[in-house]
Structure formats: structure tokens, C-alpha cells
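Trainee: In our numbering, the protein residues as written are 143 to 280.
1. To which residues of the same chain is residue 234 closer than 7 Å at the C-beta, ignoring the five residues directly before and after it?
2. Return the chain-ordered list of same chain residues with a C-beta closer than 6 Å to the C-beta of residue 203, the five sequence neighbours on each side being excluded.
3. Hey, residue 211 and residue 268 are a contact pair by Cβ (cut 8 Å); roughly how many whole angstroms apart?
4. Does residue 192 come out as helix, strand or coil in the three-state DSSP assignment?
5. So, helix, strand or coil for residue 270, using DSSP?
6. If I follow the unbroken beta strand (DSSP E) through residue 208, where does it start and stop?
7. Smallest Cα separation from residue 278: which of 254, 182, 191, 248?
8. Would you be able to state if there are at least three C-beta pairs under 8 Å between the region 257-277 and the region 234-246?
9. Give a yes or no on whether the minimum CB-CB distance between residue 224 and chain B is below 8 Å.
10. So, under 8 Å CB-CB, residue 266 and residue 215 are touching, yes? Tell me the CB distance rounded to an integer number of Å.
11. Given this structure, state the Cα-to-Cα distance separating residue 185 from residue 191, to the nearest angstrom.
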């Protein structure tokens, strides 16, 4: 069962019952941040496509930050790659939590490893990266 709810003016929580939550944070300067659960079903892909299209066409979002540590993040990345063909004005940045993840991306991807993550223990790297995405999208 899916539920997409408006948490506030800037945060949408997509919940797959019973326990998985995915976050889309839309920041004031038309930046959206996506990070979510590693075990996401591919059934979420059409919902993501619809919601990302709405962000671009109805909310004027032109910049996206994407996490890298789960199937949800992979699906968002794939949708944005495809949608960019119809909306060349959008930009997306894949934000890494670990330097070892760099090998998974090619030269066409805009990939970033925030400097602040270097000093964070590995077990805290993903939450630190997610916080960085929110803080730097403002």
C-alpha cells in the first residue's frame, strides 16, 4: 500500500506500508532532495516519474540532489536521467556518502562527495550526507 503525504510545505513523505519511508525534501530555491530505503520495489518507479514531473512542471524545480545507497535512490537517478531528455533545463547531482561509491558512475553524471563527509565515521556517513543535501540545497 502506498501513501504520499504532504508533511509540510517543503517535505513529502512517501510511505510504503508497513515500515518503509522515502523522503523528498523540496527546498525554497527549487531544489529537491531524494533519499530512501535500500529495499524499494520497482512498483514505485511510475509514482516517482509522476511526482518528479509534477515538481518540474508545477513547482518549477530545476535542481535535484540524489542519494546513492539504495534501490530508491537508483530509481530516482534513472527517472531523472530519462526526464532530462524532455526537460533539459533540470540538473541533478548524485551526492555520495562514501568515496568507494565513485566507481559506479560515469563521466555524464554530476557526482559530488561533500568534504564534510571525509571526517565522519562510516556508520554515520549516510545520515551526514542526507543532512548535507538538505543544508546545502537551501
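We put the CB at the ideal spot given by N, CA and C, even for glycine.
All of these numbers come straight from a predicted model, not from anything done at the bench.
Mentor: Reading off the structure:
1. Against the chain shown, residue 234 aligns to sequence position 92. Cβ within range, chain order: 206, 208, 222, 252.
2. Locating residue 203 in the chain shown gives position 61, where the first residue counts as 1. Once the five neighbours on either side are set aside, the close Cβ partners of residue 203 are 172, 174, 197.
3. On the chain shown, residue 211 is found 69 positions in, with the first residue counted as 1. On the chain shown, residue 268 is found 126 positions in, with the first residue counted as 1. Between residue 268 and residue 211 the Cβ distance is about 5 Å, and since that is below 8 Å, they are a contact.
4. Residue numbering aside, residue 192 sits at position 50 when the chain shown is read from its first letter. Correct three-state label for residue 192: helix.
5. Working through the chain shown from its first residue, we reach residue 270 at position 128. Looking at residue 270 - three-state DSSP - the assignment turns out to be helix.
6. As a working mapping, residue 208 is identified with position 66 in the chain shown. Here the beta strand (DSSP E) through residue 208 covers 205-208.
7. Within the chain shown, the letter at position 136 stands for residue 278. Measuring from the Cα of residue 278, the nearest candidate turns out to be 254.
8. yes
9. The structure shown contains no chain B; it is built from a single protein chain.
10. Within the chain shown, numbered from 1, the residue matching residue 266 stands at position 124. Within the chain shown, numbered from 1, the residue matching residue 215 stands at position 73. Their Cβ separation, rounded to whole angstroms, is 18 Å, which puts residue 266 and residue 215 out of contact at 8 Å.
11. Here residue 185 refers to the residue found at position 43 when the chain shown is read from its first residue. Here residue 191 refers to the residue found at position 49 when the chain shown is read from its first residue. Taking the straight line joining both Cα atoms gives about 11 Å.
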